[in-house]
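Numbering (this note's numbering), first residue to last: 4 to 130. Ideal placement from N, C-alpha and C gives every residue a C-beta, glycine not left out.
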């Protein structure tokens with residue numbers, strides 16, 4: 004019978020494979036956010052009068068879409084693949100500064116929240 008103390012906490016672990024899987028899930032969430040932004044852009048372009056959103060809002064969402072896809076989807080995915088593949092490839096169970104790479108996942112969450120809260124609070128340029 005396993006107790007809670009014997010299992011490693013998914014949110015507190017610094018093992019590179021677990022951190023990589025967590026970052027890969029965050030990259031998928033960033034890709035989904037970018038996809039939702041893309042749908043908003045396509046919705047604006049689908050209307051002949053273009054009255055779904057204001058032009059300034061359209062430009063903010065266009066910029067937010069680019070930032071989301073690069074910094075919230077691609078960069079964490081590459082880092083996740085690095086954390087999952089390189090230690091296994093060189094037959095080393097750990098990486099240098101594992102707490103720093105785990106902390107990067109938490110910074111991703113806060114950065115994504117600040118970035119998207121900027122759109123709700125008056126514009127992404129101010130974020």
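Can you name the start and end residues of the alpha helix (DSSP H) that residue i belongs to?
i           : result
residue 106 : 101-123
residue 66  : 58-70
Give the single residue among the options whose Cα lies nearest to the Cα of residue i.
i           : options         : result
residue 28  : 112, 126, 117   : 112
residue 74  : 36, 48, 121, 54 : 36
residue 99  : 53, 86, 122     : 86
residue 122 : 52, 47, 19, 62  : 62
residue 41  : 57, 71, 20      : 71
residue 106 : 82, 90, 93      : 82
residue 131 : 101, 80, 114    : An answer regarding residue 131 cannot be provided, because it is not within the stretch 4 to 130 covered by the chain.
residue 47  : 32, 64, 26      : 64
Residue i and residue j look like a contact to me (Cβ under 8 Å); what is the Cβ gap, rounded to whole Å?
i           : j          : result
residue 104 : residue 16 : That pair is no contact at about 11 Å.
residue 114 : residue 26 : Contact flag wrong, Cβ pair sits at about 13 Å.
Under the three-state reduction of DSSP, which class applies to residue i: helix, strand or coil?
i          : result
residue 40 : helix
residue 33 : helix
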